[in-house]
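What follows is a short report on a single structure.
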Amino acid sequence: MSNLGANPGSNLGSNLGIDAERLWDSLMETARIGGTPDGGIARLTLSDDDRRVRDWLAGQCAALGMTMVVDEVGNMFATRPGTKPDLPAIAMGSHLDTQPTGGRFDGVLGVLAGLEVLRTLDGAGYRTEAPLMLVNWTNEEGSRFAPAMLGSGIWAGVYSRDYGETRADISGDTFGASLDRIGYRGPARAGAVRFGAMFELHIEQGPILEAEGARIGVVQGIQGMRWFDLTLTGMAAHTGSTPMRMRRNALLGMAQVIEGVERIALAHEDAVGTIGFLDISPNSHNVIPGEVRATVDLRHPSDAVLDRMQAELEALVREAAAAVGLGHRLEPISCTAPVAFDAECIASVRAGARAAGHATRDIVSGAGHDAAHTAGVVPTTMIFVPSAGGLSHNPAESTLPEECAAGAQVLLEAVLDYDRRMADARNMPARNADTHKTGAEKTGAEKTEAA
Ligand SMILES: [Zn+2]
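So that you can map any letter, position 353 of the sequence shown is 634 in the numbering used here, and since no number is skipped, the others follow by simple counting.
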């Protein structure tokens, strides 16, 4: 505690250091819950292993004297009081569920780094003004119960509780029954537990940070996403007896669309476009493809650019179908608007990375995250750390111990910076009126008064 005042009037950070080894040990300890022989984790949401890791987290939070509230969709919220209990909490967290072939860092790092921040503050006896909160969202992955990010989506009011309740897995078990089975249907109404800001640390799940040698990604937002179902219809016919000029080959048309989607994405900076699913009918080696179905996935951080890309896709499909003599149907099946993260939260991450001495790169998330839902309700941002080879949703997913530690340290500094930033903002208009504060009140909050 003695070092807390060592930096008076400085904005160089807290002088608190997270315990990298303790963080890594917790990551490896929980990785055994649902651990797979290839070094990954298969911890499907609301499974017995999900219950075990939730019990573990609840135990760790209890050991820190924190109060845990579970809501009716299993979202877990543990609170550490601040010196001003009436302030909304600053939340950290992510998710503990994984894909069936999940790695050891996706989601888990965000929760366990938040826990490490709380352990560090606890060890130092450091009190923030605002309460701090650790969150574990239910069913981020969506691999057992679609859609993904369900717990945070219900919390944010994007989905109704009843909608979530009735989601079923392939064996017909529902989300609601599974919550009851593992004993994690809590008493709090979904959405009733509120907080004032959210910081989600996550692995990048892409190759950019590693390629550019930046340890910390300052996440600006999450790109928007539009999915389409595309069907091209020609005529199935014998491959031997149908002359080339008399064919209506649906796969040939689709090949032109696949190339065209690539061109559309390359023509817009920061855009990506993919056809990752094809269903060829009748899919026989001696029949000209009569019908081909595909999904088209377009993503970009700007809705205006997505509008242009969609118009270009529509024109592309019309032209490719006309060139080969095909019928076509292009149907939008899902549309997620881009998310822009909060400027103050981003500024705190930047300040946190500076304080921790790490190289940063501004980045837009290519994948969806719980933070996309919280961003619609409260100021939110994310912090990324590198993923080796950009690999994720894979047992070989790898982030180095020092990279996990860097992320946790920046999370700590960012949260403390945000706490100070909000305190300064509160004090600003009434700075003169504030002089009536007693000395005890002024020193009561063990925090460096940032200049
Ligand atoms: Zn994740």
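Cβ coordinates follow ideal geometry from the N, Cα and C atoms, glycine included.
Distance check for residue j and residue i, CA to CA, integer angstroms please.
i, j, result
"V598", "G541", "9 Å"
"G606", "L559", "20 Å"
"F665", "A492", "14 Å"
"D454", "C616", "27 Å"
"H483", "M373", "11 Å"
"S291", "R496", "Low confidence applies to S291: its pLDDT is 41, below 50, so where it sits in the model is not reliable, and the reading given next is rough at best. Whole-angstrom Cα-Cα distance: 24 Å."
"G498", "P667", "8 Å"
"Q537", "G521", "23 Å"
"A473", "A604", "56 Å"
"I569", "I545", "28 Å"
"H733", "P318", "Because the chain spans 282 through 732 in this model, residue 733 falls outside it and cannot be assessed."
"A726", "E481", "Any answer about A726 is weak, because its pLDDT of 35 lies below 50 and its placement is not dependable; what the coordinates show is given next. Roughly 25 Å between the two C-alpha positions."
"M663", "M527", "55 Å"
"L697", "Y465", "31 Å"
"A624", "G502", "10 Å"
"L396", "A601", "54 Å"
"L579", "T409", "42 Å"
"E485", "N675", "13 Å"
"P381", "N420", "13 Å"
"I463", "A575", "38 Å"
"V351", "A596", "49 Å"
"L415", "N356", "11 Å"
"S283", "G346", "Note that S283 scores 35 on pLDDT, short of 50, meaning its location in the model is unreliable; the coordinates nonetheless yield the value given after this. Using only the alpha carbons, I get a separation of about 23 Å."
"A677", "H609", "40 Å"
"A429", "A656", "16 Å"
"L308", "R385", "7 Å"
Are the C-beta atoms of residue i and some chain D residue less than 8 Å apart?
i, result
"F665", "Absence of chain D from the displayed structure is noted, only one protein chain being present."
Run the CB neighbour count on residue i, radius 10 Å, all protein chains shown included, and call it buried at 16 or more, exposed below.
i, result
"P619", "buried"
"D700", "buried"
"E572", "buried"
"E550", "exposed"
"D387", "buried"
"T447", "exposed"
"L399", "buried"
"P468", "exposed"
"G340", "exposed"
"H566", "exposed"
"S452", "exposed"
"G494", "exposed"
"T348", "exposed"
"D443", "exposed"
"G554", "buried"
"E543", "exposed"
"H581", "buried"
"I614", "exposed"
"H519", "exposed"
"R707", "exposed"
"S295", "buried"
"M709", "exposed"
"A704", "buried"
"L377", "buried"
"L681", "exposed"
CB of residue i to nearest heavy atom of ligand 1: below 7 Å?
i, result
"H483", "yes"
"E566", "The displayed chain sequence assigns His, not Glu, to residue 566. False, no ligand heavy atom lies under 7 Å from that Cβ."
"H376", "yes"
"D387", "yes"
"E593", "no"
"H654", "no"
"E678", "no"
"H650", "yes"
"E421", "yes"
Any heavy atom of ligand 3 within a distance shorter than 7 Å of the CB on residue i?
i, result
"E684", "Judged by which ligands are present, ligand 3 is missing from the structure shown, whose ligands are ligand 1."
Please check the pair residue i and residue j, which I expect to be a contact at CB under 8 Å, by giving their CB distance rounded to whole angstroms.
i, j, result
"W418", "S433", "5 Å"
"L338", "V392", "7 Å"
"A343", "A370", "Not really, about 18 Å apart at Cβ, beyond 8 Å."
"E694", "G633", "3 Å"
"A458", "P660", "So it is not a contact: roughly 36 Å between Cβ atoms."
"L297", "A405", "6 Å"
"T379", "R324", "5 Å"
* Asked: Counting pairs of Cβ atoms below 8 Å between the segment 296-306 and the segment 642-659, do you hit three or more?
  -> no
* To do: Report yes or no: do three or more beta-carbon pairs, one from the segment 585-601 and one from the segment 507-518, lie closer than 8 Å?
  => yes
* Any chance the segment 327-342 sits against the segment 309-316, with 3 or more Cβ pairs inside 8 Å? -> Per the Cβ contact rule, the segment 327-342 is in contact with the segment 309-316 (3 or more Cβ pairs under 8 Å).
* To do: Pair every Cβ in the segment 516-533 with every Cβ in the segment 555-571, then say whether three or more of these pairs are closer than 8 Å.
  => yes
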